[in-house]
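Asker:
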Amino acid sequence: GIHQYIIDPEREYNNLCNNLNGTLLKIGPGSNTYINIFDIRKESIEDNEKGYLANKIGKLIGFFNLIFGKINEEEKAILEEKLIELYKLKNITFDDKTLYKELENKTDNNFIFKESIDMPILEDFYNLLDKDEKTKIFKIKLIPFIKGSLKFFNNYTNVELDNKLIVADVYELGEENLKYGMYLFTDLFWDKIKKDRKIKKAIYLDEIWRLIGVTSNKDVASFIYKIFKTIRKYGGSGVAI
498 GIHQYIIDPE
508 REYNNLCNNL
518 NGTLLKIGPG
528 SNTYINIFDI
538 RKESIEDNEK
548 GYLANKIGKL
558 IGFFNLIFGK
568 INEEEKAILE
578 EKLIELYKLK
588 NITFDDKTLY
598 KELENKTDNN
608 FIFKESIDMP
618 ILEDFYNLLD
628 KDEKTKIFKI
638 KLIPFIKGSL
648 KFFNNYTNVE
658 LDNKLIVADV
668 YELGEENLKY
678 GMYLFTDLFW
688 DKIKKDRKIK
698 KAIYLDEIWR
708 LIGVTSNKDV
718 ASFIYKIFKT
728 IRKYGGSGVA
738 I
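Converting from the sequence shown to this note's numbering requires adding 497 to each position, the first position being numbered 1.
#1: Using a Cβ distance threshold of 8 Å, determine whether the segment 561-576 contacts the segment 633-643, with at least three qualifying pairs required.
#2: Below 8 Å on the Cβ atoms is my guess for Ile532 versus Ile542; work out the distance and round it to an integer in Å.
#3: Quick one: Cα of Glu620 to Cα of Leu626, how far?
#4: 9 Å is my cut-off, CB to CB: does Phe591 come that close to chain C?
#5: Output the boundary residues of the alpha helix (DSSP H) element that contains Glu546.
#6: Distance, Cα to Cα, Gly678 vs Leu702?
#7: With H, G and I counted as helix, E and B as strand and the rest as coil, what does DSSP make of Thr632?
#8: Would a C-beta distance cut-off of 9 Å place Phe650 and Ala665 closer than the cut-off?
#9: Within its chain, find whatever has a CB closer than 7 Å to the CB of Ile618; leave out the 5 residues flanking it on each side and keep chain order.
#10: Can you find the residues in the same chain that come closer than 8 Å, C-beta to C-beta, to Lys691, ignoring five residues on each side of it along the sequence?
#11: Would you identify the three-state DSSP class for Asp505, choosing helix, strand or coil?
#12: What are the partner residues of Tyr701, as DSSP defines its beta bridges?
#13: Specify the secondary structure class of Phe591 as computed by DSSP and reduced to three states.
In structure tokens:
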């Protein structure tokens, strides 16, 4: 009865997933599974909280720290400015009401939460960075994600995630790029965990040293630390392997 989410860098959980009728998500060059890192999900904050965009920007800064290397406070501020501008192009601002769109077919509930197709993708960010001399160096580091071997990161989410067992297989990413996939799915699973406090759930982060070890980034490590520090209040448990 426990919802379980597994980050699997070494492809060790496939049989377990198949035998228990779980959902296996593979991300890599040979996969047709896509997760959009820019997705803002309804469950990312609880019903009585506010601040969808602010919450997402904090997570995105962690993700781009992995890509761009250690960025200083000035660079972080510039990136945040660009992320705000990026979402504004999609009519999403710090006003949480902008995360809802009106249905074409009028019903009793005329508004629904925006979907992945309503969000920016990496290519939108890439194009925005190109317009400013201060951010062109960041743009260059995104080329593999837009035109190269990692372009599967540049897409809208195309999977439904309602199973009680979900395994995220990031094995195909290879040694250098595993951290991007691990962070992507950790972000996704953390939103799932926060969705309903009454549901028991667990997250398993295998090979966690890739995200919190000496070679990682302090913003990423802080995000992981926050999960383990607060997961109990959401009815969850965290396992670090």
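Cβ atoms here follow ideal geometry from the backbone N, Cα and C, with glycine treated the same way. Only a predicted model underlies this, so the values are computations on that prediction, with no experimental measurement involved.
Answerer: A quick look at the data gives this:
#1: Under the three-pair Cβ rule at 8 Å, the segment 561-576 counts as touching the segment 633-643.
#2: The Cβ separation is near 19 Å, so there is no contact.
#3: Straight-line Cα distance between these residues: approximately 10 Å.
#4: Looking for chain C here will not work: only one protein chain is present.
#5: Segment: none, Glu546 is in no alpha helix (DSSP H) and carries neither H nor E.
#6: 12 Å
#7: helix
#8: no
#9: Asn533, Phe535, Asn651, Asn652, Tyr653
#10: Glu540, Ser541, Ile542, Glu543, Tyr731
#11: strand
#12: Ile503, Val736
#13: coil
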